[in-house]
Structures are given as structure tokens and as C-alpha cells.
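The opening residue of the sequence shown carries number 3 in this note's numbering; numbering runs sequentially from there.
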Amino acid sequence: MPDSESPVFSRVDPETVRAILGGVIDPELRAPITDLGMVGEIKVDGSAVAVQIVLTTLGCPLRAQIKKEVVSKVASLPGVDGVTIDWIEMTAEQKAKTMDTARKRAQSDAPETEIPPTARVLAIASGKGGVGKSSITVNLAAALANRGLTVGVLDADIWGFSVPRMLGVSKRLGGTDGKIEPNELKVGDGLLKVVSMGFLVEDEGTALMWRGLLLTKALEQFLTDVRWGHLDYLLIDMPPGTGDVQMGLARLLPQAEMLVVTTPARAAQQVAVRVADMARRSNMKIAGVIENMSELVLADGQRIAVFGSGGGEALAARTEAPLIARIPLEPSVSAGGDNGKPVSLDGVGPAADAFRDLAALIVNELVPPLDMAGCTARILEAAAAAFNDRNRA
Ligand SMILES: Nc1ncnc2c1ncn2[C@@H]1O[C@H](COP(=O)(O)OP(=O)(O)OP(=O)(O)O)[C@@H](O)[C@H]1O
Ligand SMILES: [Mg+2]
Numbered sequence: 003m004p005d006s007e008s009p010v011f012s013r014v015d016p017e018t019v020r021a022i023l024g025g026v027i028d029p030e031l032r033a034p035i036t037d038l039g040m041v042g043e044i045k046v047d048g049s050a051v052a053v054q055i056v057l058t059t060l061g062c063p064l065r066a067q068i069k070k071e072v073v074s075k076v077a078s079l080p081g082v083d084g085v086t087i088d089w090i091e092m093t094a095e096q097k098a099k100t101m102d103t104a105r106k107r108a109q110s111d112a113p114e115t116e117i118p119p120t121a122r123v124l125a126i127a128s129g130k131g132g133v134g135k136s137s138i139t140v141n142l143a144a145a146l147a148n149r150g151l152t153v154g155v156l157d158a159d160i161w162g163f164s165v166p167r168m169l170g171v172s173k174r175l176g177g178t179d180g181k182i183e184p185n186e187l188k189v190g191d192g193l194l195k196v197v198s199m200g201f202l203v204e205d206e207g208t209a210l211m212w213r214g215l216l217l218t219k220a221l222e223q224f225l226t227d228v229r230w231g232h233l234d235y236l237l238i239d240m241p242p243g244t245g246d247v248q249m250g251l252a253r254l255l256p257q258a259e260m261l262v263v264t265t266p267a268r269a270a271q272q273v274a275v276r277v278a279d280m281a282r283r284s285n286m287k288i289a290g291v292i293e294n295m296s297e298l299v300l301a302d303g304q305r306i307a308v309f310g311s312g313g314g315e316a317l318a319a320r321t322e323a324p325l326i327a328r329i330p331l332e333p334s335v336s337a338g339g340d341n342g343k344p345v346s347l348d349g350v351g352p353a354a355d356a357f358r359d360l361a362a363l364i365v366n367e368l369v370p371p372l373d374m375a376g377c378t379a380r381i382l383e384a385a386a387a388a389f390n391d392r393n394r395a
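In C-alpha cells:
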């Protein structure tokens, strides 16, 4: 196998496993399970990984969810074929330490974002411009909202923003108490909450004046200064390339996962590998590969591979992430983008269907919404009760 075709990463070690588990967040304590002492021993035997998960209580209602999260993160690593979990219960001492860590983290300097820890965060990225990141972001967001979900859309393409036009929203962002309110858009039973530099500046020319502003700083502000409120999903339209923004994102939102977009062209795929590489370096899980501008389907059913073929499959093979959608090249997609009506809403045709299928796959299988029921709150209650008892005694 020539080097350029071989998987980018092939071996797995316990450190890599631990690092990717830093993306599993305890929703109540708002911290990665690795920081909370919930990840015990990690054993790697060839492609089989065994992880010890230390729970506050074995009867934790979150257990099934934690299992799913841990398995899906670890299984996403190249070179991993099987994942098993050994459950262990924390000792009283460990529990105390976990709570202490959580408390200290809450007081630390790391900027606390306004993104709820239960929100699923998907960054839509590619190594190359013009492959359809923004189109996919808005169509997927609209299709998810149309299923009754609350979906944040963060246009992180600070000076190349196109989300406002694609969603037909232009209202300037308002704010109260020093926080920015996102633009809200009702979609079916669901809701979109949209933030873009396009809502803060007059035009793209003015946006250029902000070039001095660090991209990562702008992303941080959008995550910390916007009153996002409840979110089931946050979709982030990433600027092309730029590793800094990805690194910043991984630091601010360790739960972020990446959807990598490529066209069927081999060249686009090769560029996208670099983004996937960067994701791995920042321990971000690649949730899937999306091939956009796949075949053009003519009225008579004839298919034309305008931009070649095989890019999606090649990228999936190289990153060992699943190919989760192939969006056809269709004028309805660009027309929908131009008039602010995502084709994934009421559109008919193979592209609209592909977006809706992708939303269904994400919700039902790939990255389902998180459940709030927790178990650590019980420790807090127990700790408070014990404290009160002691004070009474
Ligand atoms: N599946 C598709 N069928 C037809 N046109 C498409 C499709 N996907 C995207 N387009 C069109 O291609 C152009 C580029 O798409 P888009 O702006 O979404 O890409 P991008 O990756 O966000 O680009 P940039 O890097 O400039 O931000 C747009 O005009 C869009 O309408
Ligand atoms: Mg774009």
C-alpha cells in the first residue's frame, strides 16, 4: 500500500484512549470523566481495549449513557476493534476527591462557556474552501430542528460568514446584562439559535476590519458571551483549514466531535485528511465523513459524477471514521442557500432526502441527544445531608 493511501493512524495506546475519553463529559459536574477520576485502568491488547469506569454509584442511572459514550469514543479510534468496560464503584474517599475536583474546576480560570454540558457539539470542517461546510451546517441544523430539537448554529467562519444568508436571518444581535442573545428561528416544533459575525457587522467589508481579532478569541467570545440557554445540539460551521480554531474549540468544548466534509475529488479528500489529523491531535472524535457534491442525478435517473468519485470512501478509509452521507450535487441546494430556505425543510429530491436521512442517523444512532438524569447530584445531596447531620450532632 503506498504511503499516501495508508490510514493516518494505526496503533492505539492507553494514553490515546484516555485522551479521547476526555471528551466524555459528566453533565452534572460539567467536567470530563478523566478529570473526575472516573477512568481507571486502560488495557490494550492488540485491537481490543478494556476500560475500567469508576462510578459514584453502580446503580447510576447514567450508566447506560456513559457506556455508550465511552464505547463510541474509543471505538472511533483507528486500530480499535472491540471495547469492553469493567464497572467499579468509588470508595467514599474517591467520591470526596471527585467532588473536590469538580468544585475546584468550577472555580478555576478556564473560561466557562454558555454551552450546556448536555449539548451535543458537532463541528463541521474541511481542509478546503467551497466544499459545502456552510450548506451542510444549515441544512443539518434545519432538519434537526424540524424534528423538534433545539439547535444552536455558530458561524465560526468569522470573516467568510454565509450562515445569515443561507438561513434568511439578518437581524442584528441584541443583548442584556452583558450577554448576547442569539437570533431565534422557529422551525416546525423545534428552534434554531443562530450566531454569526454577520449579525454584528454591517457587511463583509466591515468584517475585514476585525481581522486583527484573533479567530480563537472570537470563537471563545461566541461560546462564553452568548446566552445560548438550552441546546440539544450545537453545530459549528468551521472556517476552512486553520488548526488554531480547532485546538481552541477542543480546549473550550472537550465534548466537541467533528464531521469532516469532502467532495468526491481525490484532491479534496487529501486536504481533508489534514483536518482529520488535526482533530486527532486535539483528541477530538471524528463522528463521520460527509461527501458533498456527489453525483448529479438527472430527471431520467441518469447519474453524472461531476467531481469524480471515491473521495468520501477514501477519506473514511484513511481516517477510519464512517462515511455517513453522500449529498448529491443539486441546484436546489444552492438555490435554497441563496434564498434563505434550506432544502432540507420542505424540499423534495435526493439532496433534501440525504440531509433528512443524515439528521435521522445522527439523532437515532450516531450522536443521539443526551439525557439529563444524573447520579452525582445524589452525592451532593448525600454530602449536604451528612454535613447537616454532623452540624446537628
Ligand atoms: N450539494 C450541493 N449541490 C449544489 N450546490 C451546492 C451543494 N453544496 C454546496 N453547494 C454550493 O456550493 C457553494 C459552496 O458551498 P458552501 O458555501 O456551503 O461551502 P463552504 O465549504 O462553506 O465554503 P467556504 O469555505 O467558502 O466557507 C455554494 O454556492 C453552495 O450553494
Ligand atoms: Mg462556508
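Glycine is no exception: its CB is placed at the ideal position from the N, C-alpha and C atoms. Quick caveat: nothing in here was measured; it's all calculated off a predicted structure.
Just grab the DSSP bridge partners of residue i for me.
| i | result |
| --- | --- |
| D157 | S198, D239 |
| W89 | I55 |
| R122 | Y235 |
| A465 | Here the chain comprises residues numbered 3 to 395, so residue 465 is not present and cannot be evaluated. |
| L298 | I306, L331 |
| A33 | D28 |
| G290 | L261 |
| D47 | A50 |
| L187 | L194 |
CB-CB under 6 Å to residue i, same chain, minus the five flanking residues each way: which ones, in chain order?
| i | result |
| --- | --- |
| D234 | L151, T152, P371 |
| P16 | I44, V46 |
| G290 | L261, A323, P324, I326 |
| D191 | G150 |
| A21 | N285 |
| A145 | S346, F357, R358, A361 |
| P119 | I27, P29, R32 |
| R139 | Note that residue 139 is Thr in the sequence shown, not Arg. Here the set comprises I126, L237, D239. |
Which same chain residues, not among the five before or five after residue i, have their C-beta less than 7 Å away from its C-beta?
| i | result |
| --- | --- |
| Q271 | T264, G313, A316, L317 |
| A143 | V153, V155, L194, L237 |
| N141 | P344, V345, S346, F357 |
| P4 | Because the pLDDT of P4 is 42, which lies under 50, any placement of that residue in the model is unreliable, and the number read from its coordinates should be weighed accordingly. Taken in chain order, the list of residues that qualify is empty. |
| L363 | I326 |
| A353 | I329, P330, E332, S334, V335, V345 |
Which of helix, strand or coil does DSSP assign to residue i?
| i | result |
| --- | --- |
| M101 | helix |
| L142 | helix |
| L193 | strand |
| V228 | strand |
| E322 | coil |
| K106 | helix |
| N285 | coil |
| T18 | helix |
| I68 | helix |
| I345 | The residue asked about is misnamed: residue 345 is Val in this sequence, not Ile. Residue state, collapsed to three classes: helix. |
| D179 | coil |
| T152 | strand |
| E315 | helix |
| D83 | coil |
| Q60 | Looking at the sequence shown, residue 60 is not Gln but Leu. In the structure shown, L60 sits in coil (DSSP, three-state: anything other than H, G, I, E or B). |
| K173 | coil |
| G42 | strand |
| T218 | helix |
| R13 | coil |
| F357 | helix |
| L372 | coil |
| V350 | coil |
| L255 | coil |
| P113 | coil |
| V133 | coil |
| P4 | Per-residue confidence for P4 stands at a pLDDT of 42, beneath the threshold of 50, marking its modelled position as unreliable; no derived number is given. |
| G339 | helix |
What does a CB cutoff of less than 8 Å around residue i pick up in its chain, not counting 5 residues either side in sequence?
| i | result |
| --- | --- |
| L23 | P34, I35, T36, V41, V53, V72, K75, V76 |
| E183 | L175, G176, G177, V228, R229 |
| F201 | P166, V171, S172, K173, R174, L175, N185 |
| R268 | G310, G312, G313, A316 |
| L300 | I306 |
| K181 | E116, D227, V228, R229 |
| N341 | G170 |
| A258 | G25, V123, L124, A125, I238, L251, A252, M286 |
| K99 | G39 |
Inset, instruction - State whether the stretch 111-121 contacts the stretch 356-368, with contact taken as three or more CB pairs (one from each stretch) at a distance under 8 Å. - result: Cβ pair count under 8 Å is below three, so no.
Inset, instruction - Evaluate contact between the stretch 283-299 and the stretch 328-345, counting only Cβ atoms and requiring at least three cross-stretch pairs below 8 Å. - result: yes
Inset, instruction - Would you check if there are 3 or more beta carbon pairs closer than 8 Å linking the stretch 89-108 to the stretch 53-64? - result: With a cut-off of 8 Å, the stretch 53-64 and the stretch 89-108 count as touching, because enough Cβ pairs lie within range.
Inset, instruction - State whether the stretch 217-224 contacts the stretch 241-254, with contact taken as three or more CB pairs (one from each stretch) at a distance under 8 Å. - result: Enough Cβ pairs lie closer than 8 Å, so yes.
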